[in-house]
Amino acid sequence: MRLGFSTLAQLCNSTIHSDGTTNTEPDYASKAAHISDATVDQFVEFGGGQANINPDGSATVDWEGSFSINFYDGLVPFTITNPHLEVSVAGTGVLTGDLTSYAVEMSNPNEKTPLTDLYEDVTITTFGGVNLDPEGVVTSNPDYDGVIVDVPLDATSQVTSGAGWGAWPQGFLDFHFDTNLPSYWYSSDGAGDPKKAPMSFNVDFTNGPGLVNSQLLHRQVISMPETKAVS
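Quick note: the sequence shown uses my numbering, first residue 151, plus one each step.
Printed below as a string of structure tokens:
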């Protein structure tokens, strides 16, 4: 997952890697190296997943674990827990997870209020054209381009013109309208718009029956000046 913010692995079965080639785990000193060096990719890997692949090509995969994301100190972290993947007979897929975070105003970021609503099985990404290989690596490209979402009147409007406009799924956006981080996840006419689309989502079935590894990738390098512009 290519991130413009620091991430922390939490609980079991999730690992943060700071380099997409060597799988180096970041330490405190190197956690933001991907900001100054665009060749460094930071991504999250879940292992030990339980997969059920059906003869008709449909499948489900479940992982246990979580990771947290924090853009920078002026914004709140949020956590994704226990990802669940479903692939239909038609080759369409959806990745869901349980989300937790805080509500905060950028004018007073030190006062963080835990969100009390339940955000269970939230759609994190959708994709199509999946052809499962039960003995190989499956790579899928999440939907983003041309996706329109409903945005509240008091939030930054979605831009639906120009190259690469789009959005992450509505459910994921609804969660972030409560965290005050929504415009990181849809085109909003900011300088970082080309970097908001998800990167590919990879699932590796080669580790044996019922055990898979996942790499959830997302390109997102947002600078503090742009954050102020889109708030």
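C-beta: ideal position from N, C-alpha, C; glycine also.
Check, Outcome
"Nearest by alpha-carbon distance to Ser257: which of Gly243, Thr275 and Val226 is it?", "Val226"
"Once DSSP output is grouped into helix, strand and coil, what is the label at Thr229?", "strand"
"Quick check: the stretch 248-268 against the stretch 317-333, are there 3 or more CB pairs under 8 Å?", "yes"
"Going by beta-carbon coordinates alone, are Val353 and Val280 separated by less than 7 Å?", "no"
"Is the beta carbon of Trp213 closer than 7 Å to that of Phe394?", "Because the chain here runs from 151 to 381, residue 394 falls outside it and cannot be looked at."
"Relative to the C-alpha of Val211, which residue among Ala240, Ile230, Phe217 and Thr246 is closest?", "Thr246"
"In whole angstroms, what is the alpha-carbon distance linking Thr266 and Val239?", "36 Å"
"How far does the alpha helix (DSSP H) with Leu323 in it extend, from its first residue to its last?", "Gln320 to Thr329"
"Does the separation of the CB atoms of Phe351 and Pro292 fall below 7 Å?", "yes"
"At which residues does the beta strand (DSSP E) containing Gly342 begin and terminate?", "No beta strand (DSSP E) contains Gly342, which DSSP labels as neither H nor E."
"Check whether the Cβ atoms of Val299 and Ala313 lie closer than 7 Å to each other.", "no"
"So, at 7 Å on beta carbons, what are the nonlocal neighbours of Glu261 in its own chain, with the 5 sequence-adjacent residues on each side left out?", "Val254"
"Drop a sphere of 10 angstroms on the beta-carbon of Pro302, count the other beta-carbons inside from all chains shown, and report buried for 16 or more, exposed for fewer.", "exposed"
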